[in-house]
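Data first, discussion second: the structure below is written as structure tokens.
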């Protein structure tokens, strides 16, 4: 019988864009992007003021 209280949870990581700890997202080199921010970035038009904010936040992503 399986013990459901011992279910393995994913570790939360700090999102480079929203600075919140989230469970689901993607790794970008040494940084982490939560799924909520990923969806927001994808759906934001380049003319939207939020787009510039996202670009600035993504500059934090480094390849080393």
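Residue numbers (the working numbering): 1 to 64.
Backbone N, C-alpha and C fix where the C-beta goes; we use that ideal spot for every residue, glycine too.
Beta-carbon proximity check, residue i vs residue j, cutoff 9 Å
| i | j | result |
| --- | --- | --- |
| residue 41 | residue 16 | no |
Beta-bridge pairing of residue i - partner residues as DSSP gives them
| i | result |
| --- | --- |
| residue 22 | 13 |
| residue 47 | According to DSSP, which records beta bridges pairwise, residue 47 is partnered with nothing at all. |
Residues of its chain near residue i, where Cβ-Cβ distance is below 8 Å and the 5 sequence neighbours each way are ignored
| i | result |
| --- | --- |
| residue 50 | 40 and 44 |
| residue 62 | 29, 30 and 31 |
Neighbourhood of residue i by C-beta, 7 Å cutoff - its chain only, sequence neighbours within 5 removed
| i | result |
| --- | --- |
| residue 32 | 13, 14, 15, 16 and 25 |
| residue 57 | 16 and 17 |
| residue 60 | 16 and 31 |
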